[in-house]
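My numbering puts the first residue of the sequence shown at 29, with every later residue one more than the last.
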Amino acid sequence: MKKIGIMTTGGDCSGLNAAIMRLVAGGMKRGHQMFGIVDGTDGLTSTPPGIIPLTAGSLPAEDSRIAGSFLRNGNANTKNFETAAKTGKQKEFRGQIKKSLEKMGLDALVIIGGNGSLSLTHTHREIYGDVQLVCIPKTIDMDIPLTDRTLGFDTAMQQLAAYCDQLMLTARSHHRWFVVQAMGRDTGHLSLHAGVACGADAILIPEIKFKAESLAKHLKKSPRDYGIIIAAEGIRLRGHSGAAADMIARELKKRGFAVRAAFPEHIQRAGDTTAADRILASRFSEAALDAVDNNETYVMTSLLDGAVKTVPLAEMFAAGELTEDAKIPDMMVSNSFVPPDHPLLSAAVSQGAYVGEIK
Numbered sequence: 029m030k031k032i033g034i035m036t037t038g039g040d041c042s043g044l045n046a047a048i049m050r051l052v053a054g055g056m057k058r059g060h061q062m063f064g065i066v067d068g069t070d071g072l073t074s075t076p077p078g079i080i081p082l083t084a085g086s087l088p089a090e091d092s093r094i095a096g097s098f099l100r101n102g103n104a105n106t107k108n109f110e111t112a113a114k115t116g117k118q119k120e121f122r123g124q125i126k127k128s129l130e131k132m133g134l135d136a137l138v139i140i141g142g143n144g145s146l147s148l149t150h151t152h153r154e155i156y157g158d159v160q161l162v163c164i165p166k167t168i169d170m171d172i173p174l175t176d177r178t179l180g181f182d183t184a185m186q187q188l189a190a191y192c193d194q195l196m197l198t199a200r201s202h203h204r205w206f207v208v209q210a211m212g213r214d215t216g217h218l219s220l221h222a223g224v225a226c227g228a229d230a231i232l233i234p235e236i237k238f239k240a241e242s243l244a245k246h247l248k249k250s251p252r253d254y255g256i257i258i259a260a261e262g263i264r265l266r267g268h269s270g271a272a273a274d275m276i277a278r279e280l281k282k283r284g285f286a287v288r289a290a291f292p293e294h295i296q297r298a299g300d301t302t303a304a305d306r307i308l309a310s311r312f313s314e315a316a317l318d319a320v321d322n323n324e325t326y327v328m329t330s331l332l333d334g335a336v337k338t339v340p341l342a343e344m345f346a347a348g349e350l351t352e353d354a355k356i357p358d359m360m361v362s363n364s365f366v367p368p369d370h371p372l373l374s375a376a377v378s379q380g381a382y383v384g385e386i387k
């Protein structure tokens, strides 16, 4: 029997509650004691540490479809890696986490986090000491290397595609183009997938250069005078600043288009968890518990070519493109970007979308 803690960190998404429920049910069936750490790293820096026992009745099965995290992901205004960096109290912050973990007496900790959280975990492994560490990749950005899917991505894709489907109806009524700004941070996975799903007329992502003039020419050739342009939040346009959708809308207005910018914002992180994400939560949770039972540590669950397994965090970190975290100085984050040969790029072009200046 092991004492296992569960923690959700970083941005929230759908699928977190499903994963927590599957971990608790599976862990108890294996004879483990299951605990939840409330508010992510906030719970590890509070006095006393924010830890609660979890049982089969803690999260009813019917609640596993609900978005967000039953354990919550933390308060932006309290102690975390970002605020510690801003105040110069990184050493104190890391020491407090280590002290709390020792006080909790955990044998293993399952962290459900995004690429920033997992990169931080890899970089600061000294914080966790002898505690077995197993990570489950979750993010609507799908920017974590060495996994074909991340928990929460499928639901976010469905949310964004459904939002665009509804806008298409009012676009048709008013002969109007809508520029929809998608989340995704520095990557275009979410924009590309949702754009293909909803039949967007243009999909602009950070990985592929585009020209406003080329976009306008493409739209003028359309058999319709309305439609959807998806702009990933991480795109850049020379001579412009501000929100991605606003930049593109300004360029199109200058060229005579009837256009509006639209911002689905955090509904991309919400919505009832899709069946695909619930299934992925089950598979990742089983793999995480197997890793705990097999005494693996500093590993991440991964879906590769249809099979779920674990990969070392060090391999995940080394496999991606390293960029400096915008909010934590000297902190590197490992990213998985849309490759130039991604099959959905050719699929988008085949169905008539402009995706930038691809060769």
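Note that CB positions come from ideal geometry on N, CA and C, so glycine has one too.
Residues bridged to residue i (per DSSP)
| i | result |
| --- | --- |
| V287 | W205 |
| G141 | P165 |
| E352 | M360 |
| G255 | W205 |
| L51 | DSSP lists no partner for L51. |
| V336 | L331 |
| I32 | M62 and A136 |
| L197 | DSSP output for L197 lists no bridge partner at all. |
| Y326 | Bridge partners of Y326: none, in fact. |
| Y382 | A230 |
| Q160 | A136 |
| L372 | L372 pairs with nothing; no bridge assigned. |
Residue i versus residue j: straight-line alpha-carbon distance, rounded
| i | j | result |
| --- | --- | --- |
| M170 | R177 | 7 Å |
| G255 | M196 | 6 Å |
| D243 | A47 | For the record, residue 243 in the displayed sequence is Leu; it is not Asp. So the two alpha carbons sit approximately 41 Å from each other. |
| Q61 | M132 | 12 Å |
| A136 | A319 | 10 Å |
| L82 | D182 | 27 Å |
| F291 | E324 | 42 Å |
| S313 | T329 | 8 Å |
| I79 | L87 | 16 Å |
| I258 | Q296 | 14 Å |
| G227 | Q124 | 50 Å |
| A315 | L331 | 10 Å |
| I164 | T338 | 9 Å |
| D40 | D305 | 14 Å |
| Q118 | M29 | 34 Å |
| S269 | Q379 | 30 Å |
| K126 | D369 | 43 Å |
| K166 | M185 | 14 Å |
| T106 | I139 | 19 Å |
| L280 | N143 | 34 Å |
| C192 | P77 | 43 Å |
| L373 | S250 | 19 Å |
| A225 | A376 | 9 Å |
| G267 | F285 | 20 Å |
| R122 | V336 | 32 Å |
| H150 | I233 | 28 Å |
| R311 | K245 | 46 Å |
| H294 | A271 | 15 Å |
Minimum C-alpha distance to residue i - residue among the options
| i | options | result |
| --- | --- | --- |
| S145 | L161, R204 and F206 | L161 |
| I94 | T302, E130, P371 and Q379 | T302 |
| P371 | V361, S362, L308 and V383 | V383 |
| L247 | A225, I276 and G267 | I276 |
| R153 | E110, A342 and G64 | A342 |
| A260 | E279, H268, H294 and L220 | L220 |
| R264 | K237, F285 and S250 | K237 |
| S128 | T111, T115, V138 and I155 | I155 |
| S201 | H150, A184, D253 and M211 | D253 |
Cβ-Cβ distance between residue i and residue j below 8 Å
| i | j | result |
| --- | --- | --- |
| E385 | K282 | no |
| G180 | I168 | yes |
| L317 | G55 | yes |
| A347 | L174 | yes |
| V66 | L99 | yes |
| V287 | R204 | yes |
| G141 | D214 | no |
| A309 | R50 | yes |
| L44 | G96 | yes |
| I34 | G64 | yes |
| A189 | A381 | no |
| E120 | G157 | no |
| Q194 | A289 | no |
| E90 | K355 | no |
Whole-number beta carbon distance between residue j and residue i, since they are thought to touch under 8 Å
| i | j | result |
| --- | --- | --- |
| Q187 | G299 | 4 Å |
| T69 | N108 | 5 Å |
| V207 | A273 | 4 Å |
| E352 | M344 | So it is not a contact: roughly 18 Å between Cβ atoms. |
| G216 | E235 | 5 Å |
| T37 | G102 | 7 Å |
| P357 | A113 | 6 Å |
| L350 | S362 | 6 Å |
Any non-hydrogen atom of the ligand PLP closer than 7 Å to residue i Cβ
| i | result |
| --- | --- |
| A199 | What this structure holds is no ligand at all, so the ligand PLP is not there to describe. |
Short CB-CB distance (under 8 Å) between residue i and chain D
| i | result |
| --- | --- |
| I256 | Annotation note: the requested chain D is absent from the structure, which comprises a single protein chain. |
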